[in-house]
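Residue numbers (this note's numbering), protein chains in the order written: chain A, 1 to 262; chain B, 1001 to 1262. Beta carbons are placed, not taken as given, at the ideal position from N, Cα and C, and that holds for glycine.
Number of protein chains: 2
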Amino acid sequence: MRYWEREKQVLHLLEANGAVSMTEICAITGASVATTRRDFDELQKKGLAQRTHGGLRLPQKKEEPGRRYVNGTEILDDIDREKQIIAREAAAQVQAGESIFIGAGKTCNMFAALLRDIERLTVVTTSVTAVLELAECPNISVTLLGGDIHTGKNYIETLDPDINHTLRGYFFDKVFLTVEGVDLERGYTVQDKNRTGLYTQLSRMTRRLYMLLDSAKFDRRAFATMFPPEKACRVISTRNMPDKFVEFYRKQGISCTLLPIE
Amino acid sequence: MRYWEREKQVLHLLEANGAVSMTEICAITGASVATTRRDFDELQKKGLAQRTHGGLRLPQKKEEPGRRYVNGTEILDDIDREKQIIAREAAAQVQAGESIFIGAGKTCNMFAALLRDIERLTVVTTSVTAVLELAECPNISVTLLGGDIHTGKNYIETLDPDINHTLRGYFFDKVFLTVEGVDLERGYTVQDKNRTGLYTQLSRMTRRLYMLLDSAKFDRRAFATMFPPEKACRVISTRNMPDKFVEFYRKQGISCTLLPIE
DNA sequence: CTCAATTTGAGCGATAATGAGCGAAAATGA
DNA sequence: TCATTTTCGCTCATTATCGCTCAAATTGAG
C-alpha cells in the first residue's frame, strides 16, 4: 500500500472516530510501525492531525485569535503552583492605603487578583491582564500606563519606550516585578528591551522593589539586561532556588524570602 | 483502551451526568484505578473537571468579584442586535493599512472584534476590552492610551484628563466613537467629563469621524457635552433613528447610514 | 543496466504509559 | 467518638511507544 493510500485511510478513520491508534493503522495498512510513525509525523506537520502517545487525534479546535479566553491566573503545572505561592506572599506585603506598581507576567496576574480586598489601594501597571483582575474593585484606584500592546503566553502588557516622562512625579511604596531570567553574571534579564527602561526607572522610584522569582527563572538569560543582581531589592521565591543564588543574595544582604512548597 | 478514548468517554459521561465515579470509569474503560486516577489528574490540570473523593465533577464556574467574565460582545437584547449591525457596517469601512481610533463601549467592542483579518491595521484606543479583541492579531498594531481605569457595564476604558499631549503627532484615517446620548440642543453627551477633552481633540485629528449610534442613544442627555450635533461627522445608525434626527442630519449635509434591522 | 535518491523496515536505548502494592488520609457508619 | 472501609498519593516494576540510525528495498533517470 502506497503512502497516499495510507494517508487517505488514516484521514478517513480519523474523521470517523476522532482518533486512531498506531497498532490499528499498522494492521490495516500492513505497513510497519516505523512507516506508520513517519506517516503520522507527516500528517502532524501538515496540521491535519495531532500526535499522541500510541496514536493520532484530530487537531483541537483552534480558538480564534484575539478571542482566546484571557485567563492569566489558572494553575496548570508545578511552576504555576510556585507562582501562586509567591503571589500570596507578595500580596501579604501590601497594606491599605499604599501605592504600588505591578509588572507584567503570570505571577503578577495572580498577585493582582489577591489584592481585591485591600482598602484605598492605588495600583499602577502596564499589565492589561492585571487590570482585568482589579477593574471592578471600587476600593482600588487603577492606572494603566499606555503604549503598544504586546502579548505573552499568559499576559497582555503595554510597552512604551518613552514611558519615563509619564511616571515623573510618582512615588511607589512598593514595586512588584517579574523577569524572564536571572543570572549571576548578567543580572535580571527580560525579552523585550523596551521594558528595561521602565523597570530601571521604577527601581529608582521606590524603596521596596520586590522581585517575584519562580524556579524556572534561575540561570536563564533573556535578551535584554535590566540591572545587576546585586541591585538592592527584595526577593520572593521558593525553596527551589538554587543554593548559589541563596548564598549570593545572603552575601549581598538582600532580603530573600524562600517559601515552602506545600 | 487508549488514553484519548478514555478521556473522550470520561468527558462524555461527565457532560451527561455532571459527575462520574472512579470505579464506574474503571469498569467502563477496563483500566486500572491507578491509570484512571492519572486520567482524572490530567483532566483537572486542563481545567476540564474537578477532582473529588472517589470521582470527578464538572468545574463550578464561580464569579469572583472583579473576576467577572469580561464579555463586551455578547448579544443579549434587541439593542445589542442593533449594535452588532452597526458594528458590521463600521467594520466594512475600514481598509488594509489604515490607522484608526476606537472609542469605548459595547458597539466599539463588537466593531473591534470584526477587524481581526484586516492587514497592516494600526489601532489606537482607550478601550481595554477592545484591546482584548485584537491583542493576539499579528497583523494589527494596537496602542492603548494610558490613564485611570473606569468600568462600564460592557467595557473597561482608560481615562486621562491630560491625554492630549500623548496624541500630538498622530493622525487617523478614521475615528470611531460612541456616546451616551445625542440631543439636538445639547449635542453629543457622555457621562464622564474626562472623555470630552479626548474626543473633542480626536474630532480635529481626522477627516472621517464616525459616530456609532443605536436607537437607545437618541434624545438622551448624559452629563458632559462633547460637541454640537452639527459638528461634521459621519453617522452609522439603524432605521430606528427618529425622524427629526434624520431630517436634522440631512439638513446639515452629514452622511447618515441607516441600516435595516434584519 | 547502473546508480543515486527515496521509501521502507528493523534494531537500539530512552522515554512515557500502565498496573500493582503500600501506608496515610478521608469518608462512612455505628 | 472510634472502627471500618474506601480512596488517595506515592513508588517501583513492567510494558509499550518513541526517536533515532542504519540497512534493505523500491523507484526513477540516464
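Chain A within 7 Å of residue i, Cβ atoms only
i	result
Leu1058 (chain B)	no
Glu1015 (chain B)	no
Leu1145 (chain B)	yes
Val1131 (chain B)	yes
Val1128 (chain B)	yes
Per-residue contacts from residue i into chain A (C-beta, under 8 Å)
i	result
Val1142 (chain B)	Asp148, Ile149
Lys1008 (chain B)	Gly18, Ala19
Separation of residue j from residue i, as counted between CA atoms
i	j	result
Met205 (chain A)	Asn1139 (chain B)	36 Å
Asp77 (chain A)	Gly105 (chain A)	16 Å
Asp39 (chain A)	Thr29 (chain A)	11 Å
Glu1098 (chain B)	Gly97 (chain A)	44 Å
Glu74 (chain A)	Ser1255 (chain B)	48 Å
Arg239 (chain A)	Glu119 (chain A)	31 Å
Arg68 (chain A)	Gln1095 (chain B)	At Arg68 (chain A), the pLDDT of 47 sits below 50, so the modelled position is not reliable and the matter cannot be decided from this model.
Ala1170 (chain B)	Leu1198 (chain B)	Per the sequence shown, the amino acid found at residue 1170 (chain B) is Tyr instead of Ala. Approximately 13 Å between the Cα atoms of the pair.
Tyr210 (chain A)	Phe1245 (chain B)	57 Å
His150 (chain A)	Tyr1188 (chain B)	34 Å
Ile1261 (chain B)	Arg195 (chain A)	47 Å
Gly1072 (chain B)	Lys1008 (chain B)	32 Å
Ser1127 (chain B)	Cys1026 (chain B)	50 Å
Gly1066 (chain B)	Leu259 (chain A)	Low local confidence applies: a pLDDT of 43 at Gly1066 (chain B) is under 50, so the model's placement there is unreliable, and no value is given.
Lys1174 (chain B)	Pro1229 (chain B)	18 Å
Ile1086 (chain B)	Pro1161 (chain B)	29 Å
Trp4 (chain A)	Gln44 (chain A)	15 Å
Arg1088 (chain B)	Ala1112 (chain B)	10 Å
Gly1055 (chain B)	Gly152 (chain A)	35 Å
Thr1270 (chain B)	Glu1157 (chain B)	Nothing in the structure corresponds to residue 1270 (chain B), since chain B is present only between 1001 and 1262.
Leu1268 (chain B)	Asp1080 (chain B)	Shown here, chain B extends from 1001 to 1262; a query on residue 1268 (chain B) therefore has no answer.
Gln1252 (chain B)	Leu1134 (chain B)	35 Å
Leu13 (chain A)	Asp1041 (chain B)	29 Å
Below-7 Å beta-carbon distance, residue i vs any chain B residue
i	result
Ile156 (chain A)	yes
His12 (chain A)	no
Val246 (chain A)	no
Thr107 (chain A)	no
Residues that residue i contacts on chain B, provided the C-beta gap is smaller than 8 Å
i	result
Gly55 (chain A)	Arg1002, Trp1004
Status (buried if at least 16 other CB within 10 Å, exposed otherwise) for residue i
i	result
Gln1084 (chain B)	buried
Lys46 (chain A)	exposed
Thr23 (chain A)	exposed
Thr1052 (chain B)	exposed
Arg1006 (chain B)	buried
Val1033 (chain B)	exposed
Arg1264 (chain B)	Outside the displayed range of chain B (1001 to 1262) lies residue 1264 (chain B), so it cannot be described from this structure.
Lys217 (chain A)	buried
Asn1017 (chain B)	exposed
Asp214 (chain A)	buried
Met1110 (chain B)	buried
Ala224 (chain A)	buried
Ala1092 (chain B)	exposed
Arg1002 (chain B)	buried
Glu1185 (chain B)	exposed
Glu1015 (chain B)	exposed
Under 9 Å by beta carbon: chain B residues contacting residue i
i	result
Glu74 (chain A)	Gly1047
Residue i: contacting residues in chain B (beta-carbon distance under 7 Å)
i	result
Thr52 (chain A)	Trp1004
Heavy atom of the ligand ADP within 6 Å of residue i beta-carbon
i	result
Glu1119 (chain B)	In the structure on display, the ligand ADP does not appear, and there are no ligands present to speak of.
Residues of the region 1157-1190 of chain B whose Cβ lies closer than 7 Å to any Cβ of chain A, in chain order: Thr1158, Thr1166
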